[in-house]
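Visitor:
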Amino acid sequence: MTQDWFIVAGRRFPVCELHNLRTARGPADQLTIRSVTVTAIMLAGVGIALGMTTELNHLSAQTYLALTAVAFVPFLVATIGHRLRPRAYELWGELHGLTMLLFTSDQQRQYGQVTRALLRAKEATRLGAVTEPVASMNMWRSSRR
Numbered sequence: 006m007t008q009d010w011f012i013v014a015g016r017r018f019p020v021c022e023l024h025n026l027r028t029a030r031g032p033a034d035q036l037t038i039r040s041v042t043v044t045a046i047m048l049a050g051v052g053i054a055l056g057m058t059t060e061l062n063h064l065s066a067q068t069y070l071a072l073t074a075v076a077f078v079p080f081l082v083a084t085i086g087h088r089l090r091p092r093a094y095e096l097w098g099e100l101h102g103l104t105m106l107l108f109t110s111d112q113q114r115q116y117g118q119v120t121r122a123l124l125r126a127k128e129a130t131r132l133g134a135v136t137e138p139v140a141s142m143n144m145w146r147s148s149r150r
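Residue numbers for the sequence shown follow the numbering used here, so the first one is 6 and each next one is one higher.
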């Protein structure tokens with residue numbers, strides 16, 4: 006990242022030509038979705054098989070308690086999957102009229118640092134490439150020494 010260029014993964018984007026920057030979240034991890042789906046289907050199959058092979062009014066209280074606890078397994082799998090494989094943060098923008106994905110990261114801190122740096126570069130470009138904040142500049146500094 007320089008004052009004039011946003012460089013990521015070998016691609017270069019001119020900062021002054023990037024417009025309509027916005028944040029989005031990427032899709033959920035496919036492994037998590039598949040795990041939850043398979044778990045739910047398997048548990049439903051076990052429940053149906055149990056219901057067809059035995060009479061439900063002859064089951065013990067412990068069996069009902071176990072079946073109720075097992076029903077929460079897909080939610081547990083989804084929660085663990087979301088923690089281990091979070092959705093990515095995405096930075097989208099427009100360049101020459103095309104909307105494109107500029108940057109993506111699954112680490113919130115890294116994403117925040119990159120987007121803040123890009124916003125500072127855009128602001129500096131808008132102010133005419135002033136490298137330090139205008140409020141901190143000494144306008145009365147003599148250029149002669």
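Ideal placement from N, C-alpha and C gives every residue a C-beta, glycine not left out.
None of the values given here were measured: they were computed from a predicted structure.
Taking Cβ to Cβ, would you say residue 33 is nearer than 8 Å to residue 92?
Guide: For the purposes of this step, residue 33 is taken as the residue at position 28 of the sequence shown. For the purposes of this step, residue 92 is taken as the residue at position 87 of the sequence shown. Yes; because the gap between Cβ atoms is below 8 Å, this pair is in contact.
Visitor: So is residue 144 buried or exposed if we call it buried at 16+ other beta carbons inside 10 Å?
Guide: The count along the sequence shown starts at 1 and reaches residue 144 at position 139. Annotation note: pLDDT 49 at residue 144 (below 50); position unreliable, no value reported.
Visitor: Pick out the complete alpha helix (DSSP H) segments inside the region 10-93, 4 residues or longer, and give them in chain order.
Guide: 35-58, 66-75 and 78-89
Visitor: Could you pull out every residue in the same chain whose Cβ sits closer than 8 Å to the Cβ of residue 150, ignoring the five residues on either side in sequence?
Guide: Walking along the sequence shown from the start, residue 150 turns up at place 145. Because the pLDDT at residue 150 is just 49, under 50, the model does not fix this residue reliably, and the point stays unresolved.
Visitor: Leaving out five residues on either side along the sequence, give the residues of the same chain with a beta carbon under 7 Å from the beta carbon of residue 38.
Guide: In the sequence shown, residue 38 corresponds to position 33, counting from 1. Answer for residue 38: no residue qualifies.
Visitor: Assess contact between the region 124-134 and the region 54-72, defined as three or more Cβ pairs (one per stretch) separated by less than 8 Å. Is contact present?
Guide: no
Visitor: To the nearest angstrom, how far is the alpha carbon of residue 89 from that of residue 58?
Guide: Position 84 of the sequence shown holds residue 89. Position 53 of the sequence shown holds residue 58. About 38 Å.
Visitor: Determine, using beta carbons only, whether residue 25 and residue 99 come nearer to each other than 8 Å.
Guide: Along the sequence shown, one-based indexing puts residue 25 at 20. Along the sequence shown, one-based indexing puts residue 99 at 94. Yes, the Cβ-Cβ distance between residue 25 and residue 99 is below 8 Å.
Visitor: Less than 8 Å between the C-beta atoms of residue 120 and residue 20, yes or no?
Guide: Looking up residue 120 in the sequence shown gives position 115. Looking up residue 20 in the sequence shown gives position 15. In this structure, residue 20 does not lie closer than 8 Å to residue 120 by Cβ.
Visitor: Would you mind giving the Cβ-Cβ distance between residue 79 and residue 44, rounded to the nearest angstrom? I have them listed as a contact below 8 Å.
Guide: The residue you call residue 79 lines up with position 74 of the sequence shown. The residue you call residue 44 lines up with position 39 of the sequence shown. Rounded, the Cβ-Cβ distance is 5 Å, consistent with contact.
Visitor: Between which two residues does the beta strand (DSSP E) carrying residue 107 extend?
Guide: Here residue 107 corresponds to residue number 102 of the sequence shown, with the count starting at 1. Unbroken beta strand (DSSP E) run through residue 107: 103-110.
Visitor: Nearest to residue 18 by alpha carbon, out of 108, 116, 36 and 56?
Guide: One-based indexing of the sequence shown puts residue 18 at position 13. Put simply, of 108, 116, 36 and 56 the residue whose alpha carbon is nearest the alpha carbon of residue 18 is 108.
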